[in-house]
Amino acid sequence: MAVIRVPKTPKKAYDPQRRAGTLLQSQLLHLEWAVRPASARTEKAFQIKRATTEAAAARRIEQLTIELHRQSALRAAEPTAAPYEPPRMVQAVRKPKAKPKQPKAAAGKKAKSKKRPKR
5 MAVIRVPKTP KKAYDPQRRA GTLLQSQLLH LEWAVRPASA RTEKAFQIKR ATTEAAAARR
65 IEQLTIELHR QSALRAAEPT AAPYEPPRMV QAVRKPKAKP KQPKAAAGKK AKSKKRPKR
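Position one of the sequence shown corresponds to residue 5 (the working numbering), numbered consecutively onward.
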């Protein structure tokens, strides 16, 4: 298998004093959403303070990631409930369908022949 070389990250890639960009702001928003309970995910309750610098965003992302891992570990430790089974429906006993009756030719009339008359 070929070795893929990854270049070293340049030092200018992280500047703690630089204003946090939209990618960091979006990551914060998604992490905040993931950590909160479902009842707190409404528009009114979901107001977060935006990070002003990359350093502030990094600290907040670290806190949220730790909290997310903690919640995940708690859920994994909970006993699992029995799988949901829908209630069984009682099937009604049905009578077998009768065969459809063939229409009978009327009495006293000739049954029509399916053959064409000769010309």
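Backbone N, C-alpha and C define an ideal beta-carbon position, used for all residues, glycine too. Values in this document were obtained by computation on a predicted structure and should not be read as measured data.
Buried or exposed, going by whether 16 or more other CB atoms sit within 10 Å of the CB of residue i?
i: THR32; result: Here the sequence assigns Leu to residue 32, which means Thr is not the residue at that position. Answer is buried; the Cβ neighbour count reaches 16.
i: ARG22; result: exposed
i: ARG64; result: buried
Are the Cβ atoms of residue i and residue j separated by less than 9 angstroms?
i: ALA24; j: GLU58; result: yes
i: GLN39; j: LEU78; result: Strictly speaking, residue 39 in this sequence is Val, with Gln absent from that position. No. Outside cutoff.
i: ALA44; j: PHE50; result: yes
To the nearest whole angstrom, what separates the beta carbons of residue i and residue j, a pair I think is in contact under 8 angstroms?
i: ALA55; j: LEU28; result: 7 angstroms
Determine the closest residue to residue i out of the options, with distance taken between C-alpha atoms.
i: ALA62; options: ILE8, PRO11, TYR18; result: TYR18
i: PRO20; options: LYS53, MET5, ALA60, LYS101; result: ALA60
First and last residue of the alpha helix (DSSP H) that includes residue i?
i: THR26; result: 26 to 39
i: SER76; result: 58 to 81
With 9 angstroms as the threshold, decide whether the Cβ of residue i is near any Cβ in chain B.
i: ALA17; result: Reference to chain B is not applicable here, since this structure consists of a single protein chain.
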